[in-house]
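In this note's numbering, the protein residues as written are 8 to 518. For every residue, glycine included, the Cβ atom is placed at its ideal position computed from N, Cα and C. One structure is given here, and the rest of the page talks about it.
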């Protein structure tokens with residue numbers, strides 16, 4: 008009897024997902040014979056997908072023909088991967104992401120300057136290969152108001168501008184005056200008026216500069232628009248107590264304000280409790296979620312406040328010699344070389360080993376979270392999309408390989424494909440769609456009428472190739488990556504197709 012009920016449920020799902028096929032000439036693109044996975048309806052079966060005008064027109068077991076065809080025999084056909092924490096919002100960054108199946112990338116941590124938000128989107132229109140979006144930056148607002156930074160870097164480099172602005176210290180260490188505090192909030196509001204999907208805060212880098220009142224007021228600005236604040240929470244990196252205290256600050260503010268929130272990369276000490284809090288809040292109907300990524304090591308700039316000897320050595324009991332790696336030279340730092348580099352090149356990117364390796368697969372099994380790579384840049388940051396990868400400088404392997412690593416670890420640890428597709432795509436779309444972001448209500452799903460952002464990959468072969476020594480090697484095993492109905496990657500080759508669309512609200516579109 009139980010089996011019969013399941014069959015009836017499956018029949019109902021099929022009637023919702025599938026449409027009667029139209030004539031062959033009506034399809035711009037057809038994906039035949041693939042294992043179609045839709046995380047929202049939990050459909051998992053062999054089918055053919057017909058695409059017209061950038062959207063899924065039909066999902067059928069009937070044979071389909073179109074102007075262009077992808078033979079997906081033996082392949083997974085799933086929603087294009089969505090990353091809400093991808094800093095490398097530049098042509099070569101999108102290039103690395105696309106080869107890893109990343110059809111939509113946003114930066115909900117560093118973000119972009121509010122007053123430059125409209126221009127940031129305009130500069131990417133029609134010339135970008137993947138979908139793109141950026142939260143408005145709490146950090147940049149502070150840098151502009153307190154340090155007097157101008158907007159040129161933010162406009163040119165987006166989130167990577169932090170490598171310039173962090174050379175000063177006011178943004179992180181200075182408590183603003185009342186007038187300065189209001190100016191910071193006004194700068195954030197400008198970005199939301201321009202359509203930014205939310206606010207990004209690096210409060211964990213500004214422990215001494217940002218009061219609890221300021222953090223509450225920042226989240227209040229986002230709450231007025233019904234938009235989330237994503238935060239590298241206070242005390243990250245920290246102990247299993249301090250880490251969760253930072254997450255609790257973000258969440259308590261969100262609950263008091265009736266606002267969404269994203270607990271960014273909580274896969275640190277205390278992650279089990281952080282996840283339990285997130286799930287309990289979701290069960291109560293709150294739009295609160297969190298991020299993980301499949302690496303025991305993170306990446307940041309060497310002058311991060313939590314890496315000073317008083318914290319990293321004295322408080323946390325770590326050693327630079329086996330935790331802090333230079334991704335360019337491949338060498339670990341010593342206390343002496345750390346101090347020298349902080350003095351000479353304070354924003355130099357480094358890799359930090361911070362968690363047991365066995366946790367990497369555990370994080371991918373968590374419900375109610377997203378896989379967000381925290382992908383960082385590689386020099387030259389402003390390289391064109393087809394820049395030779397062998398000439399790129401070093402970076403953390405998550406930039407080029409987070410999605411390939413997720414599938415590989417899932418394969419090695421028998422994690423269900425439906426779970427992986429949920430954390431790689433649907434969960435982000437679901438939470439952002441719930442705030443009224445139409446572009447996310449139409450993505451993260453393989454259903455008729457949805458935007459045709461699709462990945463086609465071999466579940467046995469798709470894998471990451473990037474390493475801590477060579478972080479810019481692209482993943483392989485992608486049969487096709489389709490962005491807004493256009494094949495942008497075919498057989499691991501990135502094509503000169505620029506179909507990316509903006510992920511944003513209409514300007515000045517308050518609920």
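To the nearest angstrom, how far is it from the Cα of residue 93 to the Cα of residue 272? Against the chain shown, residue 93 aligns to sequence position 86. Against the chain shown, residue 272 aligns to sequence position 265. Each residue's alpha carbon lies about 12 Å from the other.
To which residues does DSSP link residue 92 through a beta bridge? Here residue 92 is taken as the residue at index 85 of the chain shown, counted from 1. 114, per the DSSP bridge assignment.
Candidates 230, 331, 296, 248: which alpha carbon is nearest residue 265's? If you number the chain shown from 1, residue 265 lands on position 258. Residue 265 has its Cα closest to that of 230, out of 230, 331, 296, 248.
I'd like to check one pair, residue 73 with residue 65: are the Cβ atoms closer than 8 Å? By one-based count along the chain shown, residue 65 stands at place 58. By one-based count along the chain shown, residue 73 stands at place 66. Cβ atoms of residue 65 and residue 73: not closer than 8 Å.
Cβ neighbour criterion (16 or more within 10 Å) applied to residue 160: The sequence position of residue 160 within the chain shown is 153, counting from 1. Classification for residue 160: buried.
Verify whether the separation of the beta carbon atoms of residue 83 and residue 42 is less than 8 Å. Locating residue 83 in the chain shown gives position 76, where the first residue counts as 1. Locating residue 42 in the chain shown gives position 35, where the first residue counts as 1. The Cβ-Cβ distance between residue 83 and residue 42 falls below 8 Å.
Endpoints, the beta strand (DSSP E) within which residue 130 is located: Indexing the chain shown from 1 puts residue 130 at position 123. Note, residue 130: premise wrong, no beta strand (DSSP E); alpha helix (DSSP H) at 124 to 131.
Neighbour flag for residue 446 against chain C, beta carbons, 8 Å: Here chain C cannot be found, since the structure has a single protein chain.
Would the stretch 292 to 304 count as touching the stretch 313 to 326 if we require 3 or more Cβ pairs under 8 Å? Contact fails between the stretch 292 to 304 and the stretch 313 to 326, because fewer than three Cβ pairs, one in each stretch, are under 8 Å apart.
Given a threshold of 16 other Cβ atoms within 10 Å of its Cβ, counted over all protein chains shown, does residue 421 qualify as buried or as exposed? For this step, residue 421 is matched to residue 414 along the chain shown. A residue is called buried once 16 or more other Cβ atoms fall within 10 Å of its Cβ, and residue 421, having fewer, is exposed.
Given this structure, state the Cα-to-Cα distance separating residue 317 from residue 144, to the nearest angstrom. Position 310 of the chain shown holds residue 317. Position 137 of the chain shown holds residue 144. Distance between the alpha carbons of residue 317 and residue 144: 28 Å.
With a 10 Å radius around its C-beta and 16 neighbouring C-beta atoms as the bar for buried, classify residue 250 as buried or exposed. Looking up residue 250 in the chain shown gives position 243. By the 10 Å Cβ count, residue 250 comes out buried.
Taking Cβ positions, are residue 196 and residue 152 nearer each other than 8 Å? Residue numbering aside, residue 196 sits at position 189 when the chain shown is read from its first letter. Residue numbering aside, residue 152 sits at position 145 when the chain shown is read from its first letter. No; because the gap between Cβ atoms is not below 8 Å, this pair is not in contact.
Thinking just about the alpha-carbon of each residue, which of 200, 199, 221 is nearest to the one in residue 209? Taking the first residue of the chain shown as position 1, residue 209 is located at position 202. For residue 209, the nearest C-alpha among the options comes from 221.
Determine the burial state of residue 263: buried for a count of at least 16 other Cβ atoms within 10 Å of its Cβ, exposed for fewer. Taking the first residue of the chain shown as 1, we reach residue 263 at position 256. In this structure residue 263 is exposed. Its beta-carbon is surrounded by fewer than 16 other beta-carbon atoms within 10 angstroms.
May I ask you to verify whether the stretch 169 to 186 touches the stretch 76 to 91, counting CB pairs closer than 8 Å and requiring at least 3? no
Residue range of the unbroken alpha helix (DSSP H) whose run includes residue 198: The residue given as residue 198 occupies position 191 in the chain shown. Per DSSP, residue 198 belongs to the alpha helix (DSSP H) from 185 to 200.
Excluding five sequence neighbours on each side, which residues of the same chain lie with their C-beta closer than 8 Å to the C-beta of residue 15? By 1-based counting over the chain shown, the position of residue 15 is 8. Confidence is the limiting factor: at residue 15 the pLDDT is only 34, short of 50, which leaves the residue's position unreliable, though a coordinate-based value still follows. Counting only Cβ-Cβ distances below 8 Å, and skipping sequence neighbours, we find nothing.
Bridge partners for residue 240 per DSSP, in chain order? Translated into positions along the chain shown, residue 240 becomes position 233. Note: residue 240 sits in no beta bridge, so no partner.
Suppose you measure from the CA of residue 247 to the CA of residue 106; what does that come to, to the nearest Å? Translated into positions along the chain shown, residue 247 becomes position 240. Translated into positions along the chain shown, residue 106 becomes position 99. Between residue 247 and residue 106, the C-alpha separation is close to 35 Å.
Cβ separation of residue 216 and residue 313, assumed to be a contact under 8 Å, to the nearest whole Å: The count along the chain shown starts at 1 and reaches residue 216 at position 209. The count along the chain shown starts at 1 and reaches residue 313 at position 306. Not quite, the Cβ-Cβ distance comes to about 14 Å (not below 8 Å), so this is no contact.
Are residue 428 and residue 439 closer than 8 Å when you measure CB to CB? As a working note, residue 428 is residue 421 in the chain shown. As a working note, residue 439 is residue 432 in the chain shown. Taking 8 Å as the Cβ cut-off, residue 428 and residue 439 do not qualify as a contacting pair.
For residue 22, count neighbouring Cβ atoms within 10 angstroms of its own Cβ and tell me buried if that reaches 16, exposed if not. For the purposes of this step, residue 22 is taken as residue 15 along the chain shown, with counting starting at 1. Because residue 22 sits at a pLDDT of 45, beneath the cut-off of 50, its placement in the model cannot be relied upon, and the following sentence gives the value as read from the coordinates. That one is exposed.
Beta bridge counterpart(s) of residue 78 as assigned by DSSP: One-based indexing of the chain shown puts residue 78 at position 71. BP columns for residue 78 point to 39.
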